[in-house]
Amino acid sequence: MTTQETIVSNLADVPRSNGGGVETFVLNVGPQHPATHGVLRVKMTMDGEYVLRAEPVCGYIHRMHEKMGENRTYAQFLPNTSRIDYLSAMTYTHAWAGVVERAAKIQPPPRAEYVRVITSELNRISSHLVWWGAFLLDLGGFTPLLYAFDDREMILDLLERITGARLTYCYYRIGGLYNDVDEEFIEGTRKFVHHMRPRLKMYRELVTENIIFRKRLIDIGPISQEMCRKYGATGPVIRGSGIPYDVRKAEPYSAYPEFDFEIPHFREGDSMARYLVRMEEMAQSLRIIEQALDKLPSGPVMAEKVPRVLKLPAGDYCYAVEAARGRFMVRIVSDNKEIAYRAKLRTPCLSNLSLFEEASQGMLLPDALALMGSLDLVIPDIDR
Amino acid sequence: MLKLLSTEPVRLLAFLVGIMAFVGLNAAYLVWVERKGAGRFQRRPGPTEVGYAGLLQPIADAIKLLSKQLIVPQGVDAALFRVAPLLMMAPALMSLAVIPFGPSLAARNINVGLLLIFALGSINVMAIMLGGWSSRNKYAIMSAARVVSQNVAYEIPTLLVVITMIMITGTMNLNEIVRQQAGAFWHWNVFRVWVNPLMPVTFLIFFICMLAETNRAPFDMAEAESELVAGAYTEYSSMGFGVFFMAEYANILLGCSLATVLFLGGWQSPFGILPGVLWFLIKMYFLVFAVVWVRWTFPRTQFYGLLNLSWKLLIPVSLFTLILSSAIMKLY
Chain X
-8 MTTQETIVSN
2 LADVPRSNGG
12 GVETFVLNVG
22 PQHPATHGVL
32 RVKMTMDGEY
42 VLRAEPVCGY
52 IHRMHEKMGE
62 NRTYAQFLPN
72 TSRIDYLSAM
82 TYTHAWAGVV
92 ERAAKIQPPP
102 RAEYVRVITS
112 ELNRISSHLV
122 WWGAFLLDLG
132 GFTPLLYAFD
142 DREMILDLLE
152 RITGARLTYC
162 YYRIGGLYND
172 VDEEFIEGTR
182 KFVHHMRPRL
192 KMYRELVTEN
202 IIFRKRLIDI
212 GPISQEMCRK
222 YGATGPVIRG
232 SGIPYDVRKA
242 EPYSAYPEFD
252 FEIPHFREGD
262 SMARYLVRME
272 EMAQSLRIIE
282 QALDKLPSGP
292 VMAEKVPRVL
302 KLPAGDYCYA
312 VEAARGRFMV
322 RIVSDNKEIA
332 YRAKLRTPCL
342 SNLSLFEEAS
352 QGMLLPDALA
362 LMGSLDLVIP
372 DIDR
Chain H
14 MLKLLSTEPV
24 RLLAFLVGIM
34 AFVGLNAAYL
44 VWVERKGAGR
54 FQRRPGPTEV
64 GYAGLLQPIA
74 DAIKLLSKQL
84 IVPQGVDAAL
94 FRVAPLLMMA
104 PALMSLAVIP
114 FGPSLAARNI
124 NVGLLLIFAL
134 GSINVMAIML
144 GGWSSRNKYA
154 IMSAARVVSQ
164 NVAYEIPTLL
174 VVITMIMITG
184 TMNLNEIVRQ
194 QAGAFWHWNV
204 FRVWVNPLMP
214 VTFLIFFICM
224 LAETNRAPFD
234 MAEAESELVA
244 GAYTEYSSMG
254 FGVFFMAEYA
264 NILLGCSLAT
274 VLFLGGWQSP
284 FGILPGVLWF
294 LIKMYFLVFA
304 VVWVRWTFPR
314 TQFYGLLNLS
324 WKLLIPVSLF
334 TLILSSAIMK
344 LY
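Those protein sequence lines, which keep their order, are chains X and H. 81 is the number that the numbering used here gives to position 90 of the first sequence; each next residue is one higher, with no gaps. Numbers in the numbering used here are just positions in the second sequence, counted from 1, shifted up by 13.
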């Protein structure tokens, strides 16, 4: 079994009982490795199958998004945000549109806010579905990936109808939405909600209750609350460690205060807890979508009087959203120009990855990779 | 002319060609079955492009593999690197020589057939270990170490089950074992609960061990692609990989044949219709289908889970069945 020893900073301190300090080798997991789902490189100092130290090496897909945010107008940068975490593009554009609206004191109409909630939650489900399939792929199960993509296809079709894109949406605009949703979208979303609930039950029976699957996750890769705080982890990772922090409740934004939903959290802190959080979150997202569809107000979807040339008053502005992987925050420092003086993008995956080094110490390689899968990393989101 | 054909050397040659063709054809088309099966389980059509229903796909794959360069990386033990795939393939081919496909259809009907199969079967471990070790690749070496511990753990319950079978049947001649299961299906060893009430469990243990020994999911530690890239086969290209790949299917074929012979009555027909060979193939392919089914349903086990399963569950249970059946034999 794995041994969760105390943290060692020096290899010579690795206790002998762990078999450590005797003979080690460096194993490169990535930048091209099936388990890293992208160009993340993890330099693992191994003792046999035991991971003594796993050092993530970032930067292989650094694209200077923050700098790009500082040399183009606010509207021009909007599509960039959807490329940061491509699986959760809606929520990311939401944060950028949100911060500019907050600074320029633009109030999007209620219909726009509701549609933002619906599309963000649909996007969250599709993101979790990709994670679910890819995580099972990490654990050696192929079939769930195809099931997940089957369901995700329905979401993509719905979103494609109204946004024109299937992955990197740029649907939210500063002050509202690109265009209104129609009856077909609303009906299709209702149909999807009815379709998805039994599917989640099927997922539970097929995967969650599978004995091999449970044995690979339960009590594997525990992450303590202390560790979460230390590295600033957010999202399902801390909710799996028993901290019910969710930006949608903690710093309510958009139309979220108007809906009744729960923040699923589990105290165990192991890979299974993080898995269950995400599965439960999909059910909660369905709940939100259903309520939003029922209460969807009529009216315009774009605020009046959004200036063509947008100059934010000088100051320091923040806006955070709960993306599929955790808290995504945009900070803009403006000096009363058309272009931001400083654009800071606080992405959840970088913080979530940071705790991997500490959390994976002393684990067996397959368990460490299962832990990495349970963190749900999107590599461009780490490097930005 | 007829006299020449019936001589022993010619008969053996015919069997040699026959077995090689059988294994080659199966290795190619089991890949197709696997891909089609996986497609069905995953709600997609599987291969459809090359030939009708993708039936020419294995041939296209074979041509692709053959036309590629066999890269022997710098610094590897070139001889062992080249020998390893052959060591994996050859035992499976040789073992099929004693499998009785029909009442009189076995290349060699020898009295120690079962022993021969297990003696040759142990070479597989060596092959993967050599392949991994000689590759000079960290992933491959880790995989090689896993394979050894896995196979050591699973040989024991397999052999315990086989000893139980030998005790019950009193022979190591596979044809004789099949002959003892004559009659309707409840005469098959798997259903002979009056000989040993745990017979179905024994069959299950044998099947699980067979999956583990052929390195099939959920026990595919050696080729755990999400952890070790391609495990012991990481450095292999072209037909070096191709032979490993074919050998995997040849070993499945062998394992399923053996399970059919030992437990499912081999070529015995349950209804007295159709020739024996056909029944043998039906039972064997049913087991092959089960193997494919298992692979596309379960995630991979962690290897300590796998060792725990063997040492804490399979070995005690198979020891218990061994003692139980010897006690029953002593009493009656």
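Where a beta carbon is used, it is the ideal one built from N, C-alpha and C, also for glycine.
With 16 other Cβ atoms within 10 Å as the buried cut-off, status of residue i
{"i": "residue 240/H", "result": "buried"}
{"i": "residue 288/X", "result": "exposed"}
{"i": "residue 91/H", "result": "exposed"}
{"i": "residue 135/H", "result": "exposed"}
{"i": "residue 148/X", "result": "exposed"}
{"i": "residue 117/H", "result": "exposed"}
{"i": "residue 146/H", "result": "buried"}
{"i": "residue 193/X", "result": "exposed"}
{"i": "residue 65/H", "result": "exposed"}
{"i": "residue 152/X", "result": "exposed"}
{"i": "residue 22/H", "result": "exposed"}
{"i": "residue 186/X", "result": "exposed"}
Cβ-Cβ separation, residue j to residue i (assumed contact under 8 angstroms), whole Å
{"i": "residue 109/H", "j": "residue 185/H", "result": "In fact, because the Cβ distance is near 17 angstroms, the residues do not count as touching under 8 angstroms."}
{"i": "residue 166/H", "j": "residue 323/H", "result": "4 angstroms"}
{"i": "residue 157/X", "j": "residue 225/X", "result": "About 27 angstroms separates the two Cβ atoms, so there is no contact after all."}
{"i": "residue 65/X", "j": "residue 75/X", "result": "Between residue 75/X and residue 65/X the Cβ distance is about 16 angstroms, and since that is not below 8 angstroms, they are no contact."}
{"i": "residue 300/X", "j": "residue 329/X", "result": "6 angstroms"}
{"i": "residue 113/X", "j": "residue 188/X", "result": "Going by Cβ atoms, the distance from residue 113/X to residue 188/X rounds to 15 angstroms, so no, they are not a contact pair."}
{"i": "residue 303/X", "j": "residue 177/X", "result": "In fact, because the Cβ distance is near 34 angstroms, the residues do not count as touching under 8 angstroms."}
{"i": "residue 183/X", "j": "residue 146/X", "result": "7 angstroms"}
{"i": "residue 27/X", "j": "residue 17/X", "result": "About 16 angstroms; that fails the 8 angstroms criterion."}
{"i": "residue 157/H", "j": "residue 245/H", "result": "6 angstroms"}
Beta-carbon contacts of residue i that lie in its chain and below 7 angstroms, excluding the five residues immediately before and after
{"i": "residue 78/X", "result": "118, 121, 315 and 369"}
{"i": "residue 166/X", "result": "92, 97, 99, 293, 294 and 297"}
{"i": "residue 274/H", "result": "112, 113, 187, 190 and 191"}
{"i": "residue 272/H", "result": "219, 220, 223 and 300"}
{"i": "residue 252/H", "result": "78, 79 and 83"}
{"i": "residue 274/X", "result": "191"}
Contacting residues, own chain, Cβ-Cβ under 8 angstroms from residue i (five flanking each side not counted)
{"i": "residue 209/H", "result": "177, 181, 215, 334, 337, 338 and 341"}
{"i": "residue 343/H", "result": "none"}
{"i": "residue 229/H", "result": "261, 265, 304, 307 and 308"}
{"i": "residue -7/X", "result": "In this prediction, residue -7/X scores a pLDDT of 46, lower than 50, which makes its location untrustworthy; the coordinate-derived value is nonetheless stated afterwards. Contacts found: 211, 353, 354, 355 and 358."}
{"i": "residue 237/X", "result": "230, 254 and 313"}
Residues that DSSP places opposite residue i in a beta bridge
{"i": "residue 284/X", "result": "Answer is none; residue 284/X lacks a bridge partner."}
{"i": "residue 313/X", "result": "318/X"}
{"i": "residue 45/X", "result": "35/X"}
{"i": "residue 324/X", "result": "307/X and 333/X"}
{"i": "residue 163/X", "result": "168/X"}
{"i": "residue 64/X", "result": "330/X"}
{"i": "residue 115/H", "result": "118/H"}
{"i": "residue 19/X", "result": "34/X"}
{"i": "residue 341/X", "result": "According to DSSP, residue 341/X bridges with nothing at all."}
Sequence-distant residues of its chain with Cβ nearer than 6 angstroms to residue i (five each side left out)
{"i": "residue 28/H", "result": "120"}
{"i": "residue 139/X", "result": "120, 123 and 124"}
{"i": "residue 340/X", "result": "316, 368, 369, 372 and 373"}
{"i": "residue 269/X", "result": "119 and 227"}
{"i": "residue 154/X", "result": "160 and 162"}
{"i": "residue 101/X", "result": "288"}
{"i": "residue 202/X", "result": "none"}
**OP:** Mind checking the stretch 123 to 136 of chain X against chain H and listing, in chain order, the residues whose C-beta falls within less than 7 angstroms of any C-beta there?
**Re:** 127, 128, 129, 130, 131, 132, 133 and 134
Subject >> Positions along the stretch 340 to 357 of chain X whose CB lies within less than 8 angstroms of some CB in chain H >> reply: 355, 356 and 357
Subject >> the stretch 356 to 374 of chain X: positions lying closer than 7 angstroms to chain H by Cβ >> reply: 356, 357, 358 and 360
**OP:** With 7 angstroms as the limit, tell me which residues of the stretch 238 to 251 of chain H have their beta carbon closer than that to any beta carbon of chain X; keep them in chain order.
**Re:** 238, 239, 240 and 242
Subject >> Under 7 angstroms (Cβ pairs) to chain H, residues found in the stretch 202 to 235 of chain X >> reply: 203, 204, 206 and 207
Original post:
When Cβ atoms are compared, which residues of the stretch 115 to 146 of chain H fall closer than 9 angstroms to chain X?
Top reply: none
Subject >> Interfacial residues, the stretch 42 to 73 of chain H to chain B, with Cβ spacing under 8 angstroms >> reply: No chain B appears in this structure, whose protein chains are X and H.
Original post:
Got a sec: which bits of the stretch 254 to 278 of chain H sit with their beta carbon under 7 angstroms from any beta carbon on chain X, in order along the chain?
Top reply: none
**OP:** Residues of the stretch 70 to 104 of chain H with a CB closer than 8 angstroms to any CB of chain X: list them in chain order, please.
**Re:** none
Original post:
Any residues in the stretch 288 to 318 of chain H with a beta carbon nearer than 8 angstroms to a beta carbon of chain X? Which ones, in chain order?
Top reply: 309, 310, 311, 312, 313, 314, 315, 316, 317 and 318
Subject >> Against chain H: residues of the stretch 288 to 322 of chain X by CB proximity under 9 angstroms >> reply: none
Subject >> the stretch 14 to 35 of chain X: positions lying closer than 7 angstroms to chain H by Cβ >> reply: 16, 18, 24, 25 and 26
Subject >> Selection of the stretch 145 to 170 of chain H by Cβ proximity to chain X, strictly under 7 angstroms >> reply: 151 and 155
Original post:
Between the stretch 185 to 203 of chain H and chain X, which residues of the former have a C-beta closer than 7 angstroms to a C-beta of the latter?
Top reply: none
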